[in-house]
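J.:
Number of protein chains: 2
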Amino acid sequence: MFLPEWMQNYQKAQLSGDLIAGIIVAVVLVPQSMAYGMLAGLPPEVALYSSTLPLILYAAFGSSRTLAVGPVGLMSLMTGATIIELDIIHVTEMVTAAHTLALLVGIILLLMRLVRLGAIINFLSHPVISGFVSASAIIIALSQMKHIFGLDIPRGLPAYETFYRTITQAPQSNPITLIIGTFSLLLLWWFKTPLVGLLKKRGTSEEVVQFISKSGPLIAVAFSTLTVYYLNLDSQHGVSIIGHIPPGLPDIILPSLNPELIKHLLPNALLIALIGYLESISIAKSMASQKRQKIDSNKELVGLGTANIASAIAGGYPVAGGFGRSMVNFSAGANSPFSSIITACLVGLTLAVLTPLFFFLPKAALGAIIVLAVLPLIDIHTLKQAWGYDRTDAFSMLITFFTVLVIDVESGIIAGVLMSIGLYLHRSSQPHIAIVGQVGNTEHYRNINRHTVKTDKEILAIRVDENLYFANTNYLEDTIMRLVADNQSINHVVLICSSISFIDTSALESLDDILYRLEKAGIRLHLTEIKGPVMDKLRDTEFLKKIGEENIFLSTHQAMSSLKTAN
Amino acid sequence: MFLPEWMQNYQKAQLSGDLIAGIIVAVVLVPQSMAYGMLAGLPPEVALYSSTLPLILYAAFGSSRTLAVGPVGLMSLMTGATIIELDIIHVTEMVTAAHTLALLVGIILLLMRLVRLGAIINFLSHPVISGFVSASAIIIALSQMKHIFGLDIPRGLPAYETFYRTITQAPQSNPITLIIGTFSLLLLWWFKTPLVGLLKKRGTSEEVVQFISKSGPLIAVAFSTLTVYYLNLDSQHGVSIIGHIPPGLPDIILPSLNPELIKHLLPNALLIALIGYLESISIAKSMASQKRQKIDSNKELVGLGTANIASAIAGGYPVAGGFGRSMVNFSAGANSPFSSIITACLVGLTLAVLTPLFFFLPKAALGAIIVLAVLPLIDIHTLKQAWGYDRTDAFSMLITFFTVLVIDVESGIIAGVLMSIGLYLHRSSQPHIAIVGQVGNTEHYRNINRHTVKTDKEILAIRVDENLYFANTNYLEDTIMRLVADNQSINHVVLICSSISFIDTSALESLDDILYRLEKAGIRLHLTEIKGPVMDKLRDTEFLKKIGEENIFLSTHQAMSSLKTAN
Numbered sequence: 029m030f031l032p033e034w035m036q037n038y039q040k041a042q043l044s045g046d047l048i049a050g051i052i053v054a055v056v057l058v059p060q061s062m063a064y065g066m067l068a069g070l071p072p073e074v075a076l077y078s079s080t081l082p083l084i085l086y087a088a089f090g091s092s093r094t095l096a097v098g099p100v101g102l103m104s105l106m107t108g109a110t111i112i113e114l115d116i117i118h119v120t121e122m123v124t125a126a127h128t129l130a131l132l133v134g135i136i137l138l139l140m141r142l143v144r145l146g147a148i149i150n151f152l153s154h155p156v157i158s159g160f161v162s163a164s165a166i167i168i169a170l171s172q173m174k175h176i177f178g179l180d181i182p183r184g185l186p187a188y189e190t191f192y193r194t195i196t197q198a199p200q201s202n203p204i205t206l207i208i209g210t211f212s213l214l215l216l217w218w219f220k221t222p223l224v225g226l227l228k229k230r231g232t233s234e235e236v237v238q239f240i241s242k243s244g245p246l247i248a249v250a251f252s253t254l255t256v257y258y259l260n261l262d263s264q265h266g267v268s269i270i271g272h273i274p275p276g277l278p279d280i281i282l283p284s285l286n287p288e289l290i291k292h293l294l295p296n297a298l299l300i301a302l303i304g305y306l307e308s309i310s311i312a313k314s315m316a317s318q319k320r321q322k323i324d325s326n327k328e329l330v331g332l333g334t335a336n337i338a339s340a341i342a343g344g345y346p347v348a349g350g351f352g353r354s355m356v357n358f359s360a361g362a363n364s365p366f367s368s369i370i371t372a373c374l375v376g377l378t379l380a381v382l383t384p385l386f387f388f389l390p391k392a393a394l395g396a397i398i399v400l401a402v403l404p405l406i407d408i409h410t411l412k413q414a415w416g417y418d419r420t421d422a423f424s425m426l427i428t429f430f431t432v433l434v435i436d437v438e439s440g441i442i443a444g445v446l447m448s449i450g451l452y453l454h455r456s457s458q459p460h461i462a463i464v465g466q467v468g469n470t471e472h473y474r475n476i477n478r479h480t481v482k483t484d485k486e487i488l489a490i491r492v493d494e495n496l497y498f499a500n501t502n503y504l505e506d507t508i509m510r511l512v513a514d515n516q517s518i519n520h521v522v523l524i525c526s527s528i529s530f531i532d533t534s535a536l537e538s539l540d541d542i543l544y545r546l547e548k549a550g551i552r553l554h555l556t557e558i559k560g561p562v563m564d565k566l567r568d569t570e571f572l573k574k575i576g577e578e579n580i581f582l583s584t585h586q587a588m589s590s591l592k593t594a595n
Numbered sequence: 029m030f031l032p033e034w035m036q037n038y039q040k041a042q043l044s045g046d047l048i049a050g051i052i053v054a055v056v057l058v059p060q061s062m063a064y065g066m067l068a069g070l071p072p073e074v075a076l077y078s079s080t081l082p083l084i085l086y087a088a089f090g091s092s093r094t095l096a097v098g099p100v101g102l103m104s105l106m107t108g109a110t111i112i113e114l115d116i117i118h119v120t121e122m123v124t125a126a127h128t129l130a131l132l133v134g135i136i137l138l139l140m141r142l143v144r145l146g147a148i149i150n151f152l153s154h155p156v157i158s159g160f161v162s163a164s165a166i167i168i169a170l171s172q173m174k175h176i177f178g179l180d181i182p183r184g185l186p187a188y189e190t191f192y193r194t195i196t197q198a199p200q201s202n203p204i205t206l207i208i209g210t211f212s213l214l215l216l217w218w219f220k221t222p223l224v225g226l227l228k229k230r231g232t233s234e235e236v237v238q239f240i241s242k243s244g245p246l247i248a249v250a251f252s253t254l255t256v257y258y259l260n261l262d263s264q265h266g267v268s269i270i271g272h273i274p275p276g277l278p279d280i281i282l283p284s285l286n287p288e289l290i291k292h293l294l295p296n297a298l299l300i301a302l303i304g305y306l307e308s309i310s311i312a313k314s315m316a317s318q319k320r321q322k323i324d325s326n327k328e329l330v331g332l333g334t335a336n337i338a339s340a341i342a343g344g345y346p347v348a349g350g351f352g353r354s355m356v357n358f359s360a361g362a363n364s365p366f367s368s369i370i371t372a373c374l375v376g377l378t379l380a381v382l383t384p385l386f387f388f389l390p391k392a393a394l395g396a397i398i399v400l401a402v403l404p405l406i407d408i409h410t411l412k413q414a415w416g417y418d419r420t421d422a423f424s425m426l427i428t429f430f431t432v433l434v435i436d437v438e439s440g441i442i443a444g445v446l447m448s449i450g451l452y453l454h455r456s457s458q459p460h461i462a463i464v465g466q467v468g469n470t471e472h473y474r475n476i477n478r479h480t481v482k483t484d485k486e487i488l489a490i491r492v493d494e495n496l497y498f499a500n501t502n503y504l505e506d507t508i509m510r511l512v513a514d515n516q517s518i519n520h521v522v523l524i525c526s527s528i529s530f531i532d533t534s535a536l537e538s539l540d541d542i543l544y545r546l547e548k549a550g551i552r553l554h555l556t557e558i559k560g561p562v563m564d565k566l567r568d569t570e571f572l573k574k575i576g577e578e579n580i581f582l583s584t585h586q587a588m589s590s591l592k593t594a595n
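Set out below in structure tokens:
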């Protein structure tokens with residue numbers, strides 16, 4: 029019988045950890061889901077449905093034991109933006125689009141598994157991701173201000189426009205809403221930081237601290253809901269509330285496959301799939317390594333793909349692994365994906381019987397939950413670090429950041445990726461080329477600009493610190509030709525290949541060309557320290573015949589000694 | 029006074045070489061120009077105008093002493109294709125478009141000089157260029173078949189369509205035209221190969237052989253023109269002839285600057301500028317190195333840019349350095365750009381007084397000249413070499429080749445460039461990572477899969493043969509984590525950095541991550557053989573503080589010895 033590995037080897041001792049972790053995650057997940065649903069512009073039940081079946085499917089097919097799947101901030105933002113682009117008004121149509129989007133995301137992830145394209149996320153460099161995440165966090169936080177201020181600002185505006193309207197309309201805020209929002213923010217912040225310090229000082233056990241701290245959102249939700257309910261703040265003071273959530277578990281139904289809709293959603297679905305996968309696998313990896321477990325990126329694609337398809341048919345929207353929740357799960361002692369199954373059941377239970385309790389839940393409290401969840405994502409540290417370490421990386425980061433803020437998430441990511449690839453190619457197209465000389469009477473040869481070394485006026489010994497490929501062969505050729513043109517006494521060029529792991533066809537032709545041009549000028553070319561795999565490929569080439577085996581040396585010192593003797 | 033360097037230092041002894049070379053090039057250039065003009069779908073005088081002023085401007089601003097500028101095959105093909113896309117019927121409008129195109133190409137080249145973007149041609153790999161040139165040569169040769177067969181096939185069809193129509197309409201050929209065409213082909217071929225052999229056998233001096241061999245096109249032109257004239261082949265047998273060429277030198281006039289036209293021409297102008305620059309600089313470099321002279325790529329951009337602007341205002345179309353002509357110039361003994369000025373004057377003289385002589389020149393003879401000029405460009409050798417040396421390069425080449433043939437030149441180049449960059453990134457994203465061990469009792473450490481070496485079960489020593497950057501950091505991280513997960517006895521990981529010339533911000537964070545993850549698993553990380561420039565950048569990072577100076581070793585042997593002692 030087919031069962032996931034963790035289920036086959038399940039031990040009783042794992043149960044208590046899984047149970048506790050499953051319950052704590054559910055406590056975090058219910059209010060967070062509703063908040064993210066609001067961020068995506070979808071009814072709260074859609075987000076709650078996303079927190080049921082997908083968790084079970086990921087438990088069956090994913091490779092991380094502790095990743096907590098469900099609605100997450102970035103994907104909610106991107107889903108919201110995607111749906112707004114469709115220009116539809118009816119909520120039911122928006123919900124259908126969200127289901128279809130989740131289905132597409134799931135299918136794309138499975139296809140990525142099939143054609144082994146998971147590695148494509150490697151082309152998102154850390155600075156680009158950081159710039160994108162920081163800007164998205166700002167956009168998300170800004171988008172919640174209207175809920176906290178009680179303002180009526182349309183969704184989907186550019187970030188600066190949202191900011192401007194929030195500022196200019198602030199005087200028309202709903203004061204009661206603003207009080208609830210501010211109070212929720214303070215409460216959440218207090219649970220997150222001062223309370224943790226207090227409890228730790230008192231010597232409360234780590235697990236209890238975790239539990240209490242993570243229940244902040246639930247307490248904010250409960251407190252603000254009760255306040256609204258007892259003081260009639262909704263009807264008498266116009267405080268926006270969640271309202272009716274249809275009770276009961278989701279229907280299992282395949283979303284409509286409207287080709288026109290699919291065509292519109294596809295480009296964004298691709299990006300959402302990539303970002304979701306990137307987020308999930310990063311979290312999964314960082315947790316797995318702490319227990320010296322492995323994450324199989326292929327299984328991860330299947331787990332996340334099936335989870336999204338499950339979300340689609342359970343009436344949800346795109347899901348991924350969430351950082352905060354996964355950490356809660358991990359540190360609360362989850363031993364296996366069974367904890368996620370428990371979470372899913374508890375969310376299901378909530379849907380079945382508890383939805384009436386959320387009727388008076390003010391949107392301001394949910395806005396505050398989102399703001400507190402995304403603020404830590406604004407990452408100044410990476411910018412500082414990149415600025416100090418590598419200015420071009422800092423530049424890619426800023427470009428991504430501002431493009432996301434000023435234009436949109438998609439353009440920002442694309443600009444960042446293109447820029448980092450372009451900068452990398454530019455860098456590798458002008459490799460570091462060192463002229464080297466002998467250190468004392470040793471067999472070591474080092475850069476003449478960094479060390480006191482001896483050189484021979486007839487011999488030019490250079491080391492190229494980069495693989496040779498089409499983009500840098502001209503640079504190498506030009507550098508060598510310039511060096512020999514500048515120094516007419518040179519009769520030998522020794523090319524040290526210790527850093528060259530790969531020579532492509534263009535570079536091979538270029539070497540042939542260099543050989544020919546040097547020969548025409550009466551100069552002999554020699555190669556030293558060619559790596560094994562490079563030599564294997566060179567062995568049958570015409571170039572090797574032309575240069576002659578006698579001009580290939582194992583070490584630079586051998587080459588230099590034999591050339592000096594010959595002179 | 030401002031004078032080019034070569035003029036300031038001109039010596040009498042250089043004159044005879046320049047004179048002879050200048051005359052020979054003119055002999056080659058006049059018929060070739062008219063043929064290329066026909067290829068571009070432009071009247072012959074436009075191509076002849078392109079062979080006057082541009083040569084003088086290049087002599088003044090270019091950096092090659094022997095590059096022969098003028099109309100060339102590739103650019104004529106691309107110019108023709110560009111003009112056809114405009115859907116204009118009147119020849120005068122087509123000619124205006126050609127002038128504007130030359131002006132844009134010239135301005136683009138000067139702008140490339142200004143913003144130092146000349147290096148962009150480095151991203152055209154040899155296989156991509158070879159695939160593009162071969163396919164273009166086939167398109168050009170096919171396009172001339174109608175002239176040789178005397179058929180009426182429209183220009184600008186896809187290559188397969190031209191081929192198909194030529195084959196199916198072959199029975200309706202004009203037999204006299206076909207005879208002239210075939211005879212011209214044979215004559216040109218005979219001058220190119222058997223005659224050279226004969227003359228060399230007889231001991232004729234190299235220069236005379238050159239001169240006689242290169243006059244083939246002129247003789248084919250003269251012979252076929254006289255035949256048509258004396259036998260009235262044009263009026264009585266329908267042989268297509270060049271007809272009236274307006275006599276006299278070109279008017280110097282700025283081409284119209286119609287914004288609509290410029291918008292349409294711009295994308296192609298960009299590509300034509302790149303290809304023209306690429307072709308010119310390759311030829312210039314290969315000649316310069318034989319005399320140990322330098323080519324300044326910046327001056328080259330200025331030379332070619334002003335030459336194209338000159339072509340625009342002298343009533344011509346885009347120009348570049350031609351391979352065949354430049355070789356003729358070089359081997360006929362040209363010492364300086366003065367030879368080009370002589371060529372320009374002779375073409376001017378031809379325009380002034382000799383144009384009536386070309387009235388009866390049959391187009392079939394010009395078609396034959398083009399076919400013989402482009403056939404050697406079909407490059408099977410590079411494909412064979414790439415196929416044997418590096419299959420992925422061969423693949424890029426074939427993609428470029430077929431895209432050019434089936435779609436068009438522009439798409440082919442773009443597909444080829446994207447593909448070669450993609451393949452390179454893919455390659456560098458999965459670097460060669462070797463586990464190394466000690467060779468005997470030496471200080472050398474080598475790949476355990478290639479050499480008989482000793483390893484320590486507690487120490488994992490690995491060498492990464494690639495710079496660390498965003499696209500391969502995950503791969504490195506995964507490889508290390510997999511290796512330590514597979515072997516629970518490992519307590520130390522030694523990362524040998526001898527092939528790493530560059531660590532970007534993503535890779536730095538990834539190293540930090542690896543350090544953290546290894547530490548969590550109770551494993552210590554050590555680095556050895558870090559290069560000078562890499563260490564310079566690492567010095568102030570948090571990562572270096574975290575890993576600890578004591579875990580950075582100069583050599584792998586030092587690291588291994590000290591770790592063994594510690595154990």
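Keeping their order, the protein sequence lines are chains A and B.
So the first sequence is residues 29 to 595, counted in my numbering.
So the second sequence is residues 29 to 595, counted in my numbering.
Glycine residues also receive a C-beta, built at the ideal position from the N, C-alpha and C atoms.
1. Does the Cβ of A:Tyr-473 have 16 or more other Cβ atoms within 10 Å, making it buried, or fewer, making it exposed?
2. Check B:Tyr-473 in the structure and name its three-state DSSP category.
3. Quick check on A:Gln-264 - is its C-beta less than 8 Å from some C-beta in chain B?
4. Under three-state DSSP, which class holds A:Ala-362?
5. In chain order, what residues of the stretch 99 to 114 of chain A put their CB closer than 9 Å to some CB of chain B?
6. Along chain A, which residues have their Cβ under 8 Å away from the Cβ of B:Lys-291?
7. Can you find a CB in chain A that lies within less than 8 Å of the CB of B:Ser-527?
8. I need the straight-line Cα distance from B:Arg-552 to B:Gln-586, nearest angstrom please.
9. Please report the distance separating the alpha-carbon of B:Met-29 from that of B:Ile-270.
10. If contact means a Cβ-Cβ distance below 7 Å, which residues of the stretch 460 to 473 of chain A contact chain B?
11. Would you check if the distance between the CB atom of A:Leu-298 and the CB atom of A:Ile-136 is smaller than 8 Å?
12. Between which two residues does the alpha helix (DSSP H) containing B:Leu-47 stretch?
13. Would you list the one or two residues that DSSP bridges to A:Pro-390?
14. Any chance the stretch 388 to 397 of chain A sits against the stretch 341 to 350 of chain A, with 3 or more Cβ pairs inside 8 Å?
15. Can B:Cys-525 and B:Thr-556 be called in contact, C-beta distance under 8 Å?
16. Give the range of the beta strand (DSSP E) segment to which B:Val-521 is assigned.
17. Step through the CB atoms of chain A and report whether any lies within less than 8 Å of the CB of B:Phe-530.
18. Is it buried or exposed for B:Leu-114, if we count other Cβ within 10 angstroms and need 16 for buried?
19. May I ask which residues mark the beginning and end of the alpha helix (DSSP H) holding B:Ile-463?
20. Does any residue of chain B have a CB that is nearer than 8 Å to the CB of A:Ser-359?
21. Which residue comes first and which comes last in the alpha helix (DSSP H) that contains B:Ala-513?
T.: On the basis of the data shown:
1. buried
2. Residue state, collapsed to three classes: strand.
3. Not flagged as an interface residue toward chain B: A:Gln-264, since no C-beta distance is shorter than 8 Å.
4. coil
5. none
6. Near B:Lys-291 there are no residues of chain A at all, since even the closest Cβ is about 24 Å away, more than 8 Å.
7. Chain A contact via Cβ: present.
8. Whole-angstrom Cα-Cα distance: 16 Å.
9. Note that B:Met-29 scores a pLDDT of 49, beneath 50, so its modelled location is shaky; the value from the coordinates is reported in the next line. Approximately 45 Å, taken between the alpha carbons.
10. His-460
11. Yes, Cβ-Cβ distance for A:Leu-298 and A:Ile-136 is below 8 Å.
12. Counting along the chain, the alpha helix (DSSP H) containing B:Leu-47 begins and ends at 43 to 67.
13. Its beta-bridge partners are A:Ile-269.
14. no
15. yes
16. 520 to 524
17. yes
18. When all chains shown are included, B:Leu-114 counts as exposed.
19. Counting along the chain, B:Ile-463 sits inside no alpha helix (DSSP H); it lies in the beta strand (DSSP E) bounded by residues 461 to 466.
20. no
21. 498 to 514 is the extent of the alpha helix (DSSP H) around B:Ala-513.
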